[in-house]
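To keep things clear, I will list the structure first and then write my remarks on it.
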Amino acid sequence: MNIDAKKILYVIAGLFAVFAALYTFSIFAGFLGIIGADNLFTENHPLSIIAIIGTLLFTGIFIFNAAGKILSGAMR
């Protein structure tokens with residue numbers, strides 16, 4: 024069994040990108056105080072909704088797409 028160091032590095036980089044996306048979302052959600060234990064939106068403020076949509080679009084699409092490309096490249 025041959026373990027390629029480059030593939031392991033790509034997998035680690037892809038997993039790091041996924042965790043970075045989740046961490047960025049949690050920072051924005053915690054900073055604005057928009058996610059609570061009782062309700063998803065504790066404040067019905069347009070800024071909180073825009074922040075959630077923007078965060079999901081930029082971190083979710085961009086970073087998860089980059090992580091997917093890194094992981095798929097590592098599996099080849």
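In terms of my numbering, the sequence shown opens at residue 24 and continues consecutively.
A virtual CB, placed ideally from N, CA and C, is assigned to each residue, including glycine.
None of these values were measured; they are calculated from a predicted model.
Residue i, buried or exposed, once every other Cβ within 10 Å from all chains shown has been counted against 16
| i | result |
| --- | --- |
| Y33 | buried |
| G91 | exposed |
| I93 | buried |
Beta-carbon proximity of residue i to residue j, cut-off 8 angstroms
| i | j | result |
| --- | --- | --- |
| A44 | F87 | yes |
Residues near residue i by beta carbon distance below 7 angstroms, same chain, minus five either side
| i | result |
| --- | --- |
| G96 | Y33 |
| S49 | none |
Same chain, Cβ closer than 6 angstroms to residue i, neighbours up to 5 away in sequence not counted
| i | result |
| --- | --- |
| L38 | none |
Expected contact under 8 angstroms - CB spacing of residue i and residue j to nearest Å
| i | j | result |
| --- | --- | --- |
| A74 | F51 | 6 angstroms |
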